[in-house]
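Heads up: the structure comes next, in structure tokens.
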Amino acid sequence: MSEDTGAFGVHGTGDTSGFSGLVRAVHSAGSSERPFGSYFDDLADDLERAYPEFNDAIEKIVVDRGELTLFVKAAKLREVATTLRDNEKLRFEYGLGVNGVHYPDETDREFHAVYELLSMTHNRRVRLEVAVPASNPHLPSLVEVWGGMNWHERETYDMFGIVFDGHPALTRILMPDDWQGFPQRKDYPLGGIAVEYKGATTPAPSERRSYR
Amino acid sequence: MSTYADPYASSRETTEGRVYSVTGGDWDALATEIGATKEERVVVNMGPQHPSTHGVLRLILELEGETVTEARCGIGYLHTGIEKNTEYRTWTQGVTFVTRMDYLAPIFNEVAYCLGVEKLLGITNEIPERASVIRVLMMELNRISSHMVALGTGALELGALSPMIFAFRERELVLDLFEMISGLRMNMAYIRPGGVAQDIPTGGVAKIRETVAQLRTNFKDNEKLLIGNTIWMKRTQHIGYLDLAGCTTLGITGPVLRSAGLAWDLRKTQPYCGYENYEFDVVTANSCDVYGRFLVRMGELEQSLRIIEQACDKLDRLEGQPVMVADKKIAWPSQLSVGADGMGNSLNHIREIMGESMEALIHHFKLVTEGFRVPAGQVYTAVESPRGETGVHLVSDGGTRPYRVHFREPSFNNLQATAAMSEGGMVADIIAAVASIDPVMGGVDR
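Protein chains in written order, with the working numbering: chain A, 1 to 212; chain B, 1001 to 1446.
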């Protein structure tokens, strides 16, 4: 799939709603400085003590709107996640899920996987964010760390095409098994799919418009 | 027998073995035919169109006799691309989309989404108290109507018809309140970024109090029908077992987690909308089974009534206060009102923009068509829905439309427990297990 033409030959934003034209660049938040406030300093310290490769694995720490985000290198994701789960001062026993975000303008960091973690023991939350290039969108699977990640990773694969290495059965979950393309990517159009049902074909909304 | 081959009830050979299509009808012939084969192991496709699977859920079961050896879920039959759609609409229009995800708990989707938008805007502390109280009131009413469907259809799927009749009677009372307050019974789009769409109508609080008293009486009927009922207990006790360790591993929240004994409820542990100002208890059970989940839901009904009563008292105290944030760059310009021909735009507002103020018209037009801008960034907000933690991950690029909206749906997550709850049990018990998770496929598939 080239950059100019998205799935199904779409140009531009793929917006068929009639409200296009509001295209803007996304600016990712810069790294935050200590003190982070709240429990965030303690959490970062505890993780640093429990995980010796902290400085190598954590790309940046962002505190924004009262939420803590750790940007983790893909190769270190499983180790960081395991430490967050097992260390008694961290104890993030709940991996709530993973979600993808597509930033086409961030070269070699196009796909972000965002993990929301919850510690019921300490009543804390933390977010892990991992960036992978669109040319090689591979991440280690966290199903062995949190079993409940299973379907969430399948959904992220289904919608973004991020491959979770080590997942027990990485197949499409919401879209049909033989679906072409990954719907939540930004170059994938809204609508734009012709529908065939019992032999009759309804053209895609973008093809139906008389002003096209 | 005629030569006509029924395409919906036939058998054919495949690479995996002989496949039978069953839609009811002549079971004796089928049993005879299957009995003639030497194969002990049967794979059954149950659903997606099946009255007992709680919606368009497809269960793929491997059976040895009547024992389930493997159970897998097939989902996606109700996927409508709601998350993708919101990226092409304004932040306010997003409410209308997300309310349709978990259609039995629409208010919770709306609140979780709006709390996220407000956090992105940085106006969380500017939401009027009356708006927060109305949100709590609506959420707890919605919890009752949702639990009523969970109990009613759960019982129905196990063959008990009467509880369904009673549960839907109670649900109807709550839906009448929704209709009175928001104009709609489902998918109200009533909670908006900045507050709520309109205030409670005159006399509304008195009507809510009346209904609460009625519900409290009616709930006794449901309790009499099911609590201690021998057949019900035999179908639900020690069935669908999932202990605390299992819940933690699978990320299970909500009544299923509380039936394993952990009093984790976001309303208590991470309060939002002012839940810390209400007195209520977190109901738990220790049996880790379907019956425990049933008792948790029954207990939560009473707690919701308590919260609603306190919310009514607060509403009396906050009479006449605003229900939308004061910032006119965010607040939806028009307020709905009830006219002679039903609910519609406030005539006072129409008079102002059409006859009195050109600026008001421009302001209305810009805000309704283009929407407001939301500073770039990402947030995650979560509320305790009837099914567990409904989390919303919102990403903004600074524009008038969301960059990404993702719902961490409790139904979607909790449905993963089907295999853990039902493998090794009887095939009939898988129905009870799935019903106790109470998945809503609109939420699962989005």
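Quick reminder that beta carbons are idealized off the backbone N, C-alpha and C, glycines included.
Quick caveat, the model's predicted, so the values are computed rather than measured.
{"Item": "Per-residue contacts from Thr1217/B into chain A (C-beta, under 7 Å)", "Value": "Neighbours of Thr1217/B on chain A: none; closest Cβ ~37 Å, over 7 Å."}
{"Item": "Test: Arg1258/B CB closer than 7 Å to a CB of chain A", "Value": "no"}
{"Item": "Beta-carbon spacing of Met120/A, Trp1264/B below 7 Å", "Value": "yes"}
{"Item": "Spatial distance of Asn1414/B from Glu1389/B (CA atoms)", "Value": "10 Å"}
{"Item": "Beta-carbon separation (whole angstroms), Tyr1147/B vs Pro1386/B, contact threshold 8 Å", "Value": "The question names Tyr, yet the displayed sequence has His at residue 1147/B. Sure, about 6 Å apart at Cβ, within 8 Å."}
{"Item": "Contact belief for Leu128/A with Val80/A at Cβ below 8 Å, rounded distance in angstroms", "Value": "7 Å"}
{"Item": "Which listed residue (Gln184/A, Trp151/A, Ile162/A, Val163/A) has its alpha carbon closest to that of Arg1072/B", "Value": "Trp151/A"}
{"Item": "Exposed unless 16 or more other CB atoms sit within 10 angstroms - verdict on Leu1161/B", "Value": "exposed"}
{"Item": "Partner residues on chain B for Val114/A, Cβ-Cβ distance less than 7 Å", "Value": "His1393"}
{"Item": "Beta-carbon gap between Leu1361/B and Pro1333/B smaller than 7 Å", "Value": "no"}
{"Item": "Nearest neighbour of Ala44/A, chosen from Gly30/A, Ala131/A, Leu84/A [CA to CA]", "Value": "Leu84/A"}
{"Item": "Distance, Thr1400/B Cα to Gly1371/B Cα", "Value": "6 Å"}
{"Item": "Residue interval of the beta strand (DSSP E) (run including Asp64/A)", "Value": "58-64"}
{"Item": "Among Glu88/A, Pro137/A, Arg49/A, nearest to Asp108/A - alpha-carbon criterion", "Value": "Pro137/A"}
{"Item": "Coil, strand or helix - Phe1166/B by DSSP", "Value": "helix"}
{"Item": "Bounding residues of the beta strand (DSSP E) (the contiguous stretch that carries Asn1142/B)", "Value": "Asn1142/B -> not in any beta strand (DSSP E); alpha helix (DSSP H) instead, spanning 1129-1157."}
{"Item": "Assigned secondary structure, Asp1221/B (DSSP; H/G/I helix, E/B strand, else coil)", "Value": "helix"}
{"Item": "Contacting positions in the segment 1068-1101 of chain B - beta carbon closer than 8 Å to chain A", "Value": "Ile1075, Gly1076, His1079, Gly1081, Glu1083, Lys1084, Asn1085, Glu1087, Tyr1088, Arg1089"}
{"Item": "Test item: CB-CB of Tyr1222/B and Phe1166/B under 7 Å", "Value": "Correcting the residue identity first, residue 1222/B is Asn in this sequence and not Tyr. Yes, they are a contact pair."}
{"Item": "Local conformation of Gly1443/B per DSSP, three classes", "Value": "helix"}
{"Item": "Under 7 Å (Cβ pairs) to chain B, residues found in the segment 45-72 of chain A", "Value": "Asp64, Arg65, Glu67"}
{"Item": "Distance CB(Glu1066/B)-CB(Val1374/B) smaller than 7 Å", "Value": "no"}
{"Item": "Residue interval of the beta strand (DSSP E) (run including Glu1050/B)", "Value": "Inspection of the sequence shows that residue 1050/B is occupied by His rather than by Glu. Element bounds for His1050/B: n/a, residue is neither H nor E."}
{"Item": "Burial state of Val23/A (16 or more Cβ within 10 Å)", "Value": "Low local confidence applies: a pLDDT of 49 at Val23/A is under 50, so the model's placement there is unreliable, with the coordinate-based value given in what follows. Its Cβ having fewer than 16 others within 10 Å, Val23/A is exposed."}
{"Item": "The segment 30-39 of chain A contacting the segment 89-109 of chain A, beta-carbon criterion three pairs below 8 Å", "Value": "no"}
{"Item": "7 Å Cβ cutoff, Lys1119/B in contact with chain A", "Value": "yes"}
{"Item": "Within 7 Å, strictly: CB atoms of His1054/B and Val1444/B", "Value": "no"}
{"Item": "Between the CA atoms of Pro176/A and Glu1013/B - distance to the nearest angstrom", "Value": "24 Å"}
{"Item": "For Thr202/A, the three-state DSSP class (helix, strand or coil)", "Value": "strand"}
{"Item": "Counterpart residues of His102/A in DSSP-defined beta bridges", "Value": "Phe111/A"}
{"Item": "Integer Cβ distance of Thr1083/B from Arg1446/B, believed to fall under 8 Å", "Value": "First, the residue type needs correcting, since residue 1083/B is Glu and not Thr in the sequence shown. Going by Cβ atoms, the distance from Glu1083/B to Arg1446/B rounds to 6 Å, so yes, they are a contact pair."}
{"Item": "Helix, strand or coil at Asp165/A according to DSSP, with G and I counted as helix", "Value": "strand"}
{"Item": "Arg1351/B - containing alpha helix (DSSP H), residue span", "Value": "1347-1351"}
{"Item": "Endpoints, beta strand (DSSP E) assigned at Ala1260/B", "Value": "From DSSP, Ala1260/B is part of no beta strand (DSSP E); its letter is neither H nor E."}
{"Item": "Closer than 7 Å to chain B by CB, Gly181/A", "Value": "no"}
{"Item": "Residue-chain proximity (Asn87/A, chain B), Cβ-Cβ < 7 Å", "Value": "no"}
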